[in-house]
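Chains as they are written, first to last, in the UniProt record's numbering: chain A, 1 to 620; chain B, 1 to 620. C-beta: ideal position from N, C-alpha, C; glycine also. None of these values were measured; they are calculated from a predicted model. In what follows, a single structure is set out as structure tokens and then discussed.
Number of protein chains: 2
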Amino acid sequence: RMQNSRSKPCSCPSLKMREVASMYFTMVAAFLVILVVALQGSAPRQTDFPYKVPLDPQGLLELSWNVSYPEQAVHFQLLIRELHFGLLFGMSDRGEFENADLAVLWSDGHNSYFGDAWSDAKGQLHMDSQQDYQLLGARRAPEGLYLLFRRAFSTCDPKDYLIEDGTVHLIYGILEKPVPSLQAINVSALHGGLQRVQLLKPNISIPELPRDMKTMEITAPDVVIPSQETTYWCYMAELPEGFPKHHIIMYEPVVTAGNEALVHHMEVFQCTAAFDSFPHYNGPCDSKMKPERLNYCRHVLAAWAMGAQAFYYPEEAGLAFGGPGSSRYLRLEIHYHNPLVFKGRRDSSGIRLYYTATLRPHDAGIMELGLVYTPVMAIPPGEDNFILTGYCTDKCTQLALPAAGIRIFASQLHTHLAGRKVVTVLSRDGRERQVVNADGHYSPHFQEIRMLKEVVAVFPGDELITTCTYNTEDRSRATVGGFGILEEMCVNYVHYYPQTQLELCKSAVDPGYLRRYFNLVNRFNDEEICMCPQVSVPEQFYSIPWNTFNRDVLKSLYGFAPISMHCNKSSAVRFPGEWEKQPLPSITERLREPGPRCPPAPGPQPAAPIPLKLGQLRRD
Amino acid sequence: RMQNSRSKPCSCPSLKMREVASMYFTMVAAFLVILVVALQGSAPRQTDFPYKVPLDPQGLLELSWNVSYPEQAVHFQLLIRELHFGLLFGMSDRGEFENADLAVLWSDGHNSYFGDAWSDAKGQLHMDSQQDYQLLGARRAPEGLYLLFRRAFSTCDPKDYLIEDGTVHLIYGILEKPVPSLQAINVSALHGGLQRVQLLKPNISIPELPRDMKTMEITAPDVVIPSQETTYWCYMAELPEGFPKHHIIMYEPVVTAGNEALVHHMEVFQCTAAFDSFPHYNGPCDSKMKPERLNYCRHVLAAWAMGAQAFYYPEEAGLAFGGPGSSRYLRLEIHYHNPLVFKGRRDSSGIRLYYTATLRPHDAGIMELGLVYTPVMAIPPGEDNFILTGYCTDKCTQLALPAAGIRIFASQLHTHLAGRKVVTVLSRDGRERQVVNADGHYSPHFQEIRMLKEVVAVFPGDELITTCTYNTEDRSRATVGGFGILEEMCVNYVHYYPQTQLELCKSAVDPGYLRRYFNLVNRFNDEEICMCPQVSVPEQFYSIPWNTFNRDVLKSLYGFAPISMHCNKSSAVRFPGEWEKQPLPSITERLREPGPRCPPAPGPQPAAPIPLKLGQLRRD
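Right, here's the structure in full:
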């Protein structure tokens with residue numbers, strides 16, 4: 001629009017700016033072509049890209065990356081083992097190919113091109129007006145073609161994905177035929193898929209490891225991976241008899257070579273000390289042959305998911321295992337993800353524990369924050385964005401935490417299938433202070449234990465507020481809280497030290513207020529909803545006619561009604577005190593969403609005052 | 001952050017870009033200093049700035065401006081009759097000096113400076129990182145100093161005000177002493193004030209006027225303006241006996257010279273034809289001496305407010321007056337705003353009507369959209385942002401509008417003192433299509449009839465949805481709908497042609513559903529609210545304990561409950577049909593908020609694909 005006013009000096013800056021910019025960019029482009037050619041030889045070192053995941057189940061595409069927090073940018077190295085006529089790589093909200101932010105390499109059969117593109121709601125590709133996937137180099141090697149590119153976390157291009165902490169859904173697509181142009185690429189016909197990763201790995205310095213450190217591998221013994229998409233494999237291991245108390249101070253994955261794309265995640269659980277022994281087992285976790293007692297092996301010792309690296313405990317703490325009062329029995333669970341249903345693949349993956357007999361100053365502990373597993377917390381059907389909140393109140397932390405506080409250093413977020421976002425915020429004196437852990441693209445299929453970027457100190461009187469966002473658009477009846485896979489949870493397992501007696505700090509709406517809600521809905525809508533006391537809470541939720549009023553009032557209820565607190569030493573033992581009909585924590589000051597940090601736009605004038613020659617101004 | 005990575009070619013573009021930009025801006029700054037000096041002579045023509053308002057009550061600051069829609073920018077000419085040591089001019093949400101966007105001219109006693117600044121929530125001034133008030137010139141003249149500057153509607157600087165349609169609150173402040181720097185200016189100690197204007201006047205071509213056009217001045221006869229801040233003056237005029245039907249095709253203000261800063265707004269009303277005659281009157285509208293019958297003179301013929309220009313009817317229509325069935329009596333109402341309580345000022349301002357006996361094809365009409373004046377629509381106390389919505393339903397427009405539709409060409413928004421925003425949207429088949437009129441900075445103290453930028457065609461079956469936003473933070477009890485100044489309204493008077501019988505198309509919540517709400521609140525809160533049927537709706541609202549649940553559920557009620565429609569020929573006569581318990585119009589597609597149009601940020605690479613020298617890509 002500014003180009004129209006040629007004669008006005010005021011509008012020139014932008015115009016000239018563009019000309020200058022255009023010339024400049026031409027230079028940059030020429031330089032880059034040269035760079036690409038020049039790089040055909042020098043290989044970047046492996047240590048330049050410490051993180052690595054296969055993108056596709058065959059491992060034809062392999063992504064390595066690093067994160068520069070000073071630059072607020074990610075550098076990607078993409079290895080394409082068999083390049084056909086190009087490929088798409090990018091990011092989108094939940095792994096869909098629509099509304100995605102893409103780097104595209106394509107060939108028209110003669111020449112190849114690279115560009116930053118975006119796909120619209122129909123999957124149509126468009127060149128981005130602002131090119132934010134910056135190509136740094138391309139290099140042929142015996143194993144394939146390497147592409148190197150850089151992407152700032154935030155570009156301020158509204159078409160671009162904002163790279164945030166937590167899960168990022170990476171997508172890839174392979175071009176099998178030449179395409180005349182970017183616009184000609186048909187996204188729906190692509191061979192492609194998605195891979196979830198934590199792109200912004202925290203930048204944590206590795207603590208010094210003691211000399212007497214030993215290792216123990218908890219690995220599956222030569223499993224034949226079932227030829228089905230999803231298998232949860234269970235294997236029981238046991239510690240030596242009389243194994244004394246040790247501290248686990250680190251663990252890392254052991255993945256059988258060649259199976260990197262199949263081993264999706266693994267966890268080691270310790271069984272309860274309530275039983276003296278557990279049967280041996282090596283088979284699918286959902287098998288009818290699996291002994292019932294294995295369900296009592298749920299205390300997490302270690303957890304790994306694809307793309308994760310070794311997990312280090314902070315130098316002041318270790319996770320206790322062995323010794324009296326702890327079970328010798330461990331359960332290894334491996335999630336094999338085999339969408340191409342390979343047959344006869346053998347695997348001996350697992351987790352290698354690093355432990356020491358020289359106990360560190362503190363035992364680490366795990367605490368459950370969020371919602372109690374109860375049907376009183378429910379989500380109406382057909383919601384795209386329904387929020388439930390669980391509270392750990394000041395009253396509970398006052399009672400259960402030591403005066404010096406605890407330090408949370410890692411967190412594992414957990415919901416069932418409807419979960420889309422999870423966040424825990426620390427509040428003190430009614431003011432939100434710090435995000436403990438947040439995942440705005442949370443997936444129930446990608447539940448890692450994540451080291452926090454910053455250790456969070458929690459003191460007596462602090463509040464920990466965990467908020468989960470659910471999508472129930474595909475459901476026709478209410479989703480209630482509970483243990484079932486079609487029921488929901490909202491949990492943050494926080495890893496902290498020093499260990500306290502507080503194992504559970506969770507809440508649910510007061511059941512009396514929920515009864516008032518059922519009554520109100522009944523009367524307001526003139527409907528015959530059975531209010532007979534023998535009808536269960538889920539049945540009452542299932543019978544509600546879900547009009548906008550009943551939905552809104554349920555939200556209002558959850559935002560208003562007092563809560564029942566579970567401030568527990570173990571899942572069944574509460575701390576002494578009154579925990580029913582507790583007031584909701586009130587928040588007087590919220591944390592501000594960090595705005596995207598954009599490069600400054602070219603202002604039409606400099607940010608300095610303009611001197612005027614007006615002479616002396618008049619005095620009164 | 002990018003400066004840290006000197007060795008990486010990828011991060012250079014931004015860095016170099018800044019250097020180039022910096023050099024460039026230095027040049028521009030030098031150029032502007034020269035420009036300012038050069039302009040000390042050539043006077044811009046008056047027609048360059050067609051709109052004019054005094055900023056202060058003494059008229060020492062006079063603002064003229066023009067609007068360039070192609071450039072999306074406003075050019076300002078500010079005349080400072082008595083310059084002391086500088087001045088502030090700017091815009092803010094509602095005329096406050098905090099969080100304001102300011103152009104500042106200041107002198108340290110020796111030199112003068114101009115800059116774009118912003119004030120924070122405490123009123124402290126800061127230089128803007130992006131200078132968007134672009135100084136175009138400064139010129140001394142016998143009458144004072146002229147400053148010329150330009151401002152784009154949207155700058156994308158988050159500190160800047162976004163200039164939108166509707167009311168803009170301009171603020172000014174005069175520096176009485178030299179200041180060493182911008183930061184040293186103490187905003188709270190300034191002599192300053194605010195002036196409301198419609199900055200973005202529509203760009204309407206003036207229709208051709210007929211040769212037989214006559215004029216009639218409805219002016220107050222030599223009024224002595226009372227020496228008080230606010231006076232509404234009433235004067236009764238009458239048309240000649242036997243005056244036949246004419247069309248008013250234009251009107252303009254007649255403001256007595258020297259009183260430009262005192263005459264705030266003026267309206268001419270026609271009295272009802274129900275009475276044969278009306279008494280003469282010339283005095284304050286709130287005087288006890290004012291005859292009661294003057295309250296029956298409420299049909300708007302013409303309305304003007306400060307900063308407005310002549311009002312032209314579209315060439316196909318005129319406003320009928322005179323002739324049988326219409327009253328000869330007119331009431332002129334003038335709002336004098338005299339904050340400096342000048343004494344003895346004489347005034348003969350009023351409105352000049354341009355009319356013709358050659359009737360145009362269509363009579364123009366006025367229709368009331370929004371909410372019925374009833375206490376069932378209420379706003380809880382202490383709300384900063386409470387929304388009420390009034391509907392003109394498809395059923396009513398289906399019945400009352402001609403098949404060819406009507407054309408809305410002007411609109412006057414109306415609320416009482418708590419109103420902060422008003423918007424009317426046209427919806428067809430459940431999809432929002434067009435904003436009829438919107439004011440995001442609406443003030444009840446500045447109610448103009450505004451020409452629409454685009455004439456809006458409304459057809460049978462269309463819906464017109466009027467939404468008002470209220471602030472009741474200063475109130476301790478509920479604000480109910482009604483005629484009183486402390487009760488509320490939500491109305492859009494739309495001016496349209498051809499005139500139809502439909503005078504009122506408004507709604508209110510179904511009173512039965514509101515009773516259910518009172519019951520529900522009563523039961524839910526276990527409170528003793530008197531539900532006796534003899535208690536009035538306002539009394540019931542006043543007795544509600546306003547916790548978050550009761551507030552939320554009232555919002556849910558208004559968003560869910562069926563409505564009672566007033567689809568009326570006149571305020572008491574409904575069109576035939578069933579108008580009670582009507583369903584709320586459902587909207588399946590909303591208009592998108594237009595995002596701010598920013599100048600494109602300098603991308604690190606051009607928006608063209610980068611050619612790669614990879615050779616032929618492999619074929620399968």
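Would you mind sorting residue i into buried or exposed? The rule is 16 or more other CB atoms within 10 Å of its CB.
{"i": "residue 132(B)", "result": "buried"}
{"i": "residue 489(B)", "result": "buried"}
{"i": "residue 346(B)", "result": "exposed"}
{"i": "residue 495(A)", "result": "buried"}
{"i": "residue 612(A)", "result": "buried"}
{"i": "residue 568(A)", "result": "buried"}
{"i": "residue 593(B)", "result": "exposed"}
{"i": "residue 286(B)", "result": "exposed"}
{"i": "residue 181(B)", "result": "exposed"}
{"i": "residue 404(B)", "result": "exposed"}
{"i": "residue 137(B)", "result": "buried"}
{"i": "residue 486(B)", "result": "exposed"}
{"i": "residue 160(B)", "result": "buried"}
{"i": "residue 497(B)", "result": "buried"}
{"i": "residue 218(A)", "result": "buried"}
{"i": "residue 338(A)", "result": "buried"}
{"i": "residue 257(A)", "result": "exposed"}
Residues bridged to residue i by DSSP?
{"i": "residue 497(B)", "result": "407(B)"}
{"i": "residue 68(B)", "result": "73(B)"}
{"i": "residue 434(A)", "result": "426(A)"}
{"i": "residue 270(A)", "result": "299(A), 330(A)"}
{"i": "residue 104(B)", "result": "88(B), 115(B)"}
{"i": "residue 389(A)", "result": "467(A)"}
{"i": "residue 133(B)", "result": "In DSSP, residue 133(B) forms no bridge with anything."}
{"i": "residue 144(B)", "result": "141(B)"}
{"i": "residue 167(A)", "result": "198(A)"}
{"i": "residue 193(B)", "result": "172(B)"}
{"i": "residue 415(B)", "result": "Looking at the DSSP assignment, residue 415(B) forms no beta bridge with any residue, so it has no partner."}
Residue i and residue j look like a contact to me (Cβ under 8 Å); what is the Cβ gap, rounded to whole Å?
{"i": "residue 97(B)", "j": "residue 171(B)", "result": "6 Å"}
{"i": "residue 389(A)", "j": "residue 467(A)", "result": "5 Å"}
{"i": "residue 307(A)", "j": "residue 197(A)", "result": "4 Å"}
{"i": "residue 319(A)", "j": "residue 238(A)", "result": "Actually they are not in contact, since the Cβ atoms of residue 319(A) and residue 238(A) sit about 18 Å apart, beyond 8 Å."}
Helix, strand or coil: which one does DSSP assign to residue i?
{"i": "residue 612(A)", "result": "strand"}
{"i": "residue 517(A)", "result": "helix"}
{"i": "residue 48(A)", "result": "helix"}
{"i": "residue 524(B)", "result": "helix"}
{"i": "residue 592(A)", "result": "coil"}
{"i": "residue 207(B)", "result": "coil"}
{"i": "residue 400(A)", "result": "helix"}
{"i": "residue 453(B)", "result": "strand"}
{"i": "residue 184(B)", "result": "helix"}
{"i": "residue 305(B)", "result": "strand"}
{"i": "residue 619(A)", "result": "At residue 619(A) the pLDDT is 42, less than 50, meaning the model places this residue with poor confidence; the figure from the coordinates comes in the next sentence. In this structure, residue 619(A) counts as coil in the three-state DSSP scheme."}
{"i": "residue 512(A)", "result": "helix"}
Mind listing, in chain order, the continuous beta strand (DSSP E) runs of no fewer than 3 residues lying wholly within the region 535 to 568 of chain B? none
At which residue ranges does the region 329 to 381 of chain B contain complete beta strand (DSSP E) runs of 3 or more residues, listed in the order of the chain? 329 to 337, 350 to 356, 365 to 371
Let me know the beta strand (DSSP E) ranges lying completely inside the region 210 to 292 of chain A, each 3 residues or longer, listed in chain order. Fully enclosed beta strand (DSSP E) runs of 3 or longer: 214 to 219, 230 to 238, 246 to 254, 263 to 270, 282 to 284.
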